[in-house]
Amino acid sequence: MKGNDKYTVITGASSGIGYETAKAFAKRGKNLVIVARNTENLEKLKMEILNDNPSLDVVVKDVDLSIMSNVYELYQQLKTYEIETWINNAGFGNYERVANQNLEKIEIMLRLNVEALVILSSLFVHDYQNIEGSNLINISSAGGYTIVPNAVTYCASKFFVSTFTEGLARELQESNAKLQAKVLAPAATKTNFGNTANDIEGYDYDKSFGSYHTSEQMAGFLLQLYDSNEVVGRVNRESFEFELTSPLFNYAGNSKHNQTVTL
Numbered sequence: 064m065k066g067n068d069k070y071t072v073i074t075g076a077s078s079g080i081g082y083e084t085a086k087a088f089a090k091r092g093k094n095l096v097i098v099a100r101n102t103e104n105l106e107k108l109k110m111e112i113l114n115d116n117p118s119l120d121v122v123v124k125d126v127d128l129s130i131m132s133n134v135y136e137l138y139q140q141l142k143t144y145e146i147e148t149w150i151n152n153a154g155f156g157n158y159e160r161v162a163n164q165n166l167e168k169i170e171i172m173l174r175l176n177v178e179a180l181v182i183l184s185s186l187f188v189h190d191y192q193n194i195e196g197s198n199l200i201n202i203s204s205a206g207g208y209t210i211v212p213n214a215v216t217y218c219a220s221k222f223f224v225s226t227f228t229e230g231l232a233r234e235l236q237e238s239n240a241k242l243q244a245k246v247l248a249p250a251a252t253k254t255n256f257g258n259t260a261n262d263i264e265g266y267d268y269d270k271s272f273g274s275y276h277t278s279e280q281m282a283g284f285l286l287q288l289y290d291s292n293e294v295v296g297r298v299n300r301e302s303f304e305f306e307l308t309s310p311l312f313n314y315a316g317n318s319k320h321n322q323t324v325t326l
C-alpha cells in the first residue's frame, strides 16, 4: 500500500464494464483493487493501467466471489487499505425459461449477483458510513427495473440489487451518513455477458440488438453517476439514453403502517 492513499475496489474487473471502469478511475489518479477470477486478464489490466499511470498502485485479487467464504476473506484482506469507493460489478446473466433453466448455473448466479453483493455492501457500509467521500456503487441492469422475456430469474436478481441499493441509499440519507450508495443500470452492453447468459460462444450483439452500448460508454456513464448527487443512473431501454434520477421504487418512509421500533 502506498502511504495513506485511498483505493477504489472493483469486482468483476477482468472484462467488460469492470475492466473499462478500472481504466477510467485510473485516469483520475485512483489507486485500484481489481477483483475477479481471471488472473491473466487482471494482470493484463494492471499492466495497461501502469503503462499509462506508473505512479498508481494496482492490487490484483483473483477470487471466486460465488463462494461465500471467499467474500468474507476478500473483505478481511482489504482491511489494511483505506477504501474510497467500492464498486460491486461482478455478476452474470441467464436467458432461459424458468421451467428449463440450469439450476446449478442459477445457484451460482444468485450467490454472485445477490449474496456476495449484499455481504460486501453491508461490510463496507458498516465500516465507512461515516467517512466523508465514501461511495458504494452497485451494478444492476435495465432488467432490474423491467422484466425481460426469457430472463425472469436474472431480472429478479437485478430487481433485488436495485431495490436493495435504493433502500440503502434512503437509509443512509435518513441517518445523515456521509457514505453515498448508488445503483447503475445498463441496458444491452457489448461484453462477454451475451456468451455467458446464452451459454454460447461468439454472441452477435449486432444481430441480437438494434442498439447497445460499449463497455467504454458504460464506464463513462458510471463516472457521471459517481460525480452526481443522484442515486440511480439508468439506461432507458427504449431510447438508450442515460438518465440520472432519484430513487424510482416506492418507499414507505414515515408511513403510519410501518413497524414501530423502540430504541
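The numbering used here applies: residue 64 is where the sequence shown begins, and numbers increase by one.
The beta-carbon is built from N, C-alpha and C at its ideal position, and this holds for glycine as well.
Note that this is a predicted model, so its numbers are computed, not measured.
Taking a 10 Å sphere around the C-beta of Ala162, we find fewer than 16 other C-beta atoms and assign the residue as exposed. By the C-beta criterion, the segment 301 to 312 is judged not to be in contact with the segment 257 to 268, since fewer than 3 inter-stretch pairs fall below 8 Å. In the three-state reduction of the DSSP assignment, Lys69 falls in the strand class, which pools E and B. Around the beta carbon of Leu166, a 10 Å sphere encloses fewer than 16 other beta carbons of the protein chains shown; the residue is thus reported as exposed. Ala250 has no beta-bridge partner at all, per DSSP. The three-state reading of DSSP puts Phe305 in strand, counting E and B together. Around the Cβ of Pro249, a 10 Å sphere holds 16 or more other Cβ atoms; the residue is buried. For Asn94, the beta-bridge partners assigned by DSSP are Tyr70.
Residue range Val295 to Val298 is occupied by the beta strand (DSSP E) that includes Gly296. As a beta-bridge residue in DSSP terms, Asp125 pairs with Ala99. Going by beta carbons, Leu95 and Ala87 fall outside the 8 Å limit. A distance below 8 Å separates the beta carbons of Tyr268 and Gly257. When the beta-carbon positions are compared, Leu235 and Gly296 stay at least 8 Å from each other.
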